[in-house]
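Numbering (our numbering), first residue to last: 5 to 460. Structure, as structure tokens:
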Ligand SMILES: Nc1ncnc2c1ncn2[C@@H]1O[C@H](COP(=O)(O)OP(=O)(O)OP(=O)(O)O)[C@@H](O)[C@H]1O
Ligand SMILES: [Mg+2]
């Protein structure tokens, strides 16, 4: 059973139940009031008969009593009959007005009055009250009331049902649309969204759902990037090593001096490829540690100046070959609380990126300054370059693993990379309690700043 038909059925059942309950309540109240009315009418009749009987006794006028009873019988159809018995001493006279009907519910009432001046002068009147006749106007009222209830009830039921149909439709339309989009996702169309705007729970569900779909699409891209990076980063250095080895064997077997010198050059190239493989596998292991929450940093007071100088020296030869100047301006900042190896890794990643995207004649600068905020004192370290910069579209997602900007496609100094560096940088800095910020504009260089807590 669909939600829509379930909602409509429940609304209909609710309407019927409340209508029945209301009718039952109204009919019960009316019945109780009717019974009270019947009793009051009977009592009134009894009093009228008794009063007339007393008057007739005082005036010793039997005819007056009979004509009054006749008048009453004509006025109140519920008065079915009356038997009048006069007692005067030992003498008894009986008169009958009408006879008890064979059908209907007759209540017999009795009135006995005596003449106050002549106690042996007594009149006894037995009269029958037809309850069905008394009840008839009450039953008529009940029937009318039920009719009104039925009409108004049907009308409200109709309105209620239309409302239930409308509400269930507006509720299920979004769910049906959502399930269609979910179906598309399950068929592999990751990233599809449902365009639905509302401030209620459905709107919130759709927003979460769309977020989930975008995340799935991002993860899918990461997975694809991962597979292609791993394949490329393993295959190309291994391929290079494989092609240099037979060349070396050949040159060594020939035994010529020139060939031996060439072999040494090939060995250097093999070493560079082994280094590249090693770096990639180390990065992969770091990512695995980060994902498992096992990236541990041992925080100790650390002087940033020497560490930055060491990192800058590491890139000296590369920068020279590339025609780029690396300036280390880090000096005079207080020691920070940090893991030296991990901070070195951060600096090397950021410097490697800066050099990668800075063409000949450009500059890469290392700076640091002390800042203070509500959480305490920090040293902010910046790696700035005058290189290519990046577009708005690239900026938003560079800190995800296996994600690179479109600017790598324009050609870079050195090898292209795998998109792991900034992800590792961000995770290391987060482990230190700090954060990474970036400013970059296409053609105007980039500035990457990370913060570390001042020691002590
Ligand atoms: N200094 C920079 N100038 C311009 N773009 C940059 C800079 N630093 C990073 N990027 C952009 O950010 C992307 C991600 O950088 P990240 O260091 O994570 O990966 P990568 O350098 O491409 O590869 P890897 O670091 O794994 O060798 C780069 O591909 C590039 O698009
Ligand atoms: Mg990098």
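All C-beta atoms, glycine included, are put in the ideal place defined by N, C-alpha and C.
Kindly identify the DSSP beta-bridge partner or partners of residue i.
i: residue 269; result: DSSP, once it has assigned bridges, lists no residue as partnering residue 269.
i: residue 305; result: 341
i: residue 369; result: 331, 388
i: residue 375; result: 382
i: residue 4; result: Here the chain has residues from 5 to 460 only, and residue 4 is not among them.
i: residue 112; result: 132
Less than 7 Å separating the Cβ of residue i from some heavy atom of ligand 1?
i: residue 444; result: yes
i: residue 232; result: no
i: residue 450; result: yes
i: residue 424; result: yes
i: residue 402; result: yes
i: residue 360; result: yes
i: residue 409; result: yes
i: residue 380; result: no
i: residue 195; result: no
i: residue 394; result: yes
i: residue 366; result: no
According to the Cβ coordinates, are residue i and residue j closer than 8 Å?
i: residue 12; j: residue 168; result: yes
i: residue 84; j: residue 132; result: yes
i: residue 150; j: residue 27; result: yes
i: residue 328; j: residue 368; result: yes
i: residue 53; j: residue 129; result: yes
i: residue 86; j: residue 127; result: no
i: residue 29; j: residue 139; result: no
i: residue 335; j: residue 309; result: yes
i: residue 315; j: residue 348; result: yes
Would you identify the three-state DSSP class for residue i, choosing helix, strand or coil?
i: residue 148; result: helix
i: residue 398; result: helix
i: residue 51; result: helix
i: residue 181; result: helix
i: residue 293; result: helix
i: residue 404; result: coil
i: residue 448; result: coil
i: residue 132; result: strand
i: residue 127; result: strand
i: residue 442; result: strand
i: residue 496; result: Because the chain in this structure spans residues 5 to 460, residue 496 falls outside the shown range and cannot be described.
i: residue 248; result: helix
i: residue 95; result: strand
Can you tell me whether residue i sits near ligand 2, meaning its C-beta is under 7 Å from at least one heavy atom of the ligand?
i: residue 332; result: no
i: residue 356; result: yes
i: residue 353; result: yes
Kindly examine ligand 4 and report whether one of its heavy atoms sits closer than 7 Å to the Cβ of residue i.
i: residue 421; result: Annotation note on ligand 4: not contained in the displayed structure, which lists ligand 1 and ligand 2 as its ligands.
Below 8 Å, can you find three or more Cβ-Cβ pairs linking the stretch 350 to 366 to the stretch 314 to 326? yes
Segment contact flag, the stretch 397 to 407 with the stretch 218 to 227, C-beta cutoff 8 Å, min 3 pairs: yes
On the three-pair Cβ rule with 8 Å, is the stretch 99 to 106 touching the stretch 59 to 75? yes
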